[in-house]
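Visitor:
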Amino acid sequence: MGTTSLLQTDHPSVLPAPPARPGARRARWIVGVAAGALLAVTLGLLVSDQVTADDRSHRAKTSLGVTRQEAHSVSAQLAELRRDLSVLETQVGSDSTALSQDASQLLGAQTSLAAAQAHVTQQSSLITSLQTCLVGVQQALNQLSVGEQEGAIASLNSVASSCATAEASSG
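Position one of the sequence shown corresponds to residue 48 (the numbering used here), numbered consecutively onward.
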C-alpha cells in the first residue's frame with residue numbers, strides 16, 4: 048500500500064492520533080487535580096454545614112424538650128394553684144357569711160346592752176330616789192317618836208319630790 052490520503056481510506060473512523068503537545072497532558076492533570084480539590088473543598092463545606100445544622104437541630108430539640116418539661120411542670124403548678132384558689136375562695140365566702148352573721152349578732156348584742164344599760168340607769172335612779180325617800184321617812188319617824196312633829200313634817204317635805212319620783216317610776 049502506498050500513501051493514501053485520509054479521504055481515500057475505507058474506514059473513516061480510524062484516524063491517526065494528533066501529535067501530542069508536550070504541556071497539554073500536564074495542564075489536564077493540573078485542571079483535574081484543581082477540580083478534585085474544588086470538589087473536596089465543596090464537599091467538606093457541605094459536610095461541615097450539615098454537621099453544624101445537625102448540631103443546631105439537636106440543641107433545638109433538646110431545648111424544646113426542656114421547655115416542654117418546664118411547661119408541663121408550670122402547668123401542673125398552675126392547676127394546683129387554681130385548686131388552692133378555689134378552696135380559698137370557698138373559705139373566703141364561708142368566712143364572709145360568718146362575719147356577716149357575727150356582725151348581725153354583735154349589733155343585736157349592742158342593742159341589748161344599750162337597752163340593759165338604760166334599764167340599769169333607770170333602776171339606779173329609782174333606787175337613789177327610793178333611798179332618799181326612805182332616809183327622809185326614817186328621819187321623820189324618828190322625829191315623831193321623840194315628839195318633834197314640825198321637824199318630821201319638814202323632813203317629809205324635803206323628800207316629797209324623791210318619793211313622788213320613786214312612786215312614778217315603780218309604776
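Quick reminder that beta carbons are idealized off the backbone N, C-alpha and C, glycines included.
With 16 other CB atoms within 10 Å as the buried threshold, where does Gly-183 fall?
Guide: Gly-183 is buried by the Cβ-count criterion.
Visitor: Report yes if the CB atom of Ser-171 is closer than 8 Å to the CB atom of Ala-213, and no otherwise.
Guide: Not in contact: Ser-171 and Ala-213 (Cβ atoms no closer than 8 Å).
Visitor: Do you know how far the Cα of Ala-81 is from the Cα of Arg-34?
Guide: Outside the shown range of the chain, which is 48 to 218, sits residue 34, and nothing can be said about it.
Visitor: Would you report the Cα separation of Asp-131 and Gln-138, rounded to the nearest angstrom?
Guide: Asp-131 and Gln-138: Cα-Cα distance of roughly 10 Å.
Visitor: If I measure Cβ to Cβ from Ser-159 and keep anything under 8 Å in the same chain, skipping five residues before and after, which residues do I get?
Guide: Cβ within range, chain order: n/a, list empty.
Visitor: Where do the ends of the alpha helix (DSSP H) carrying Glu-214 lie?
Guide: Residues 207 to 217.
Visitor: For the alpha helix (DSSP H) that contains Glu-195, what are its first and last residues?
Guide: First-last for Glu-195: undefined, no H or E at that position.
Visitor: Cβ atoms of Gly-198 and Gln-185: under 8 Å apart, would you say?
Guide: Cβ atoms of Gln-185 and Gly-198: not closer than 8 Å.
Visitor: Determine the direct distance from the alpha carbon of Leu-85 to that of Leu-53, and round the result to whole angstroms.
Guide: Since pLDDT at Leu-53 reaches only 49, below the 50 mark, its modelled position is unreliable, and the value read off the structure follows with that caveat. If I take the Cα positions, the gap works out to 42 Å.
Visitor: Val-88 to Arg-106, Cα distance in whole Å?
Guide: If I take the Cα positions, the gap works out to 27 Å.
Visitor: Can you have a look at Ser-9 and say buried or exposed, based on whether 16 or more other CB atoms are within 10 angstroms of its CB?
Guide: Lying before the first or after the last residue shown, residue 9 is absent from the chain, which here runs from 48 to 218.
Visitor: What does a CB cutoff of less than 6 Å around Leu-92 pick up in its chain, not counting 5 residues either side in sequence?
Guide: If we look at Leu-92 and ignore the five residues flanking it on each side, it has no Cβ neighbours.
Visitor: How big is the Cα-Cα spacing for Ser-209 and Ser-147?
Guide: Each residue's alpha carbon lies about 47 Å from the other.
Visitor: Leaving out the 5 sequence neighbours to the left and right, which residues in its chain are closer than 7 Å to Gln-124 when beta-carbon positions are compared?
Guide: The answer is none, since no qualifying residue turns up.
Visitor: For Gly-83, which of helix, strand or coil comes out of DSSP?
Guide: In the structure shown, Gly-83 sits in a helix (DSSP, three-state: H, G or I).
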